[in-house]
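For the sequence shown, the tail end lands on 76 under my numbering, and the numbers increase by one without skipping.
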Amino acid sequence: MIDFSKEEKEAMVSKLQTYFSDELDHDIGQFDAEFLLDFFAEEIGKLFYNRGLYDAQTILQSRIDNILEAISELEK
């Protein structure tokens, strides 16, 4: 499970509460919002994390390819 600082978790819980209130016209308490956040972190967070790693790997590979191409052009 992803560990967040107390401040990060408080900010995310607040965002969940605001979303539920504004978009779903439903108020959720602190406990329910924390429970939902823990669920997302445990069950869904890894999918976002892995996608971020994949995207970073793709960008890095593209830059490595550009460097290798530049080195190849320098070869005599």
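All C-beta atoms, glycine included, are put in the ideal place defined by N, C-alpha and C.
Under 8 Å, do residue i and residue j count as touching if we go by C-beta distance?
{"i": "Phe35", "j": "His26", "result": "no"}
{"i": "Leu37", "j": "Leu16", "result": "yes"}
Using the Cβ count rule (16 or more neighbours within 10 Å means buried), how would you classify residue i?
{"i": "Ala33", "result": "buried"}
In terms of alpha-carbon separation, which member of the options lies closest to residue i?
{"i": "Asp3", "options": "Asp22, Ala41 and Ala70", "result": "Ala41"}
{"i": "Val13", "options": "Asp22, Gln30, Ser62 and Leu24", "result": "Gln30"}
Segments of 4+ residues assigned as alpha helix (DSSP H) that fall wholly inside the segment 1-71: 6-24 and 30-39
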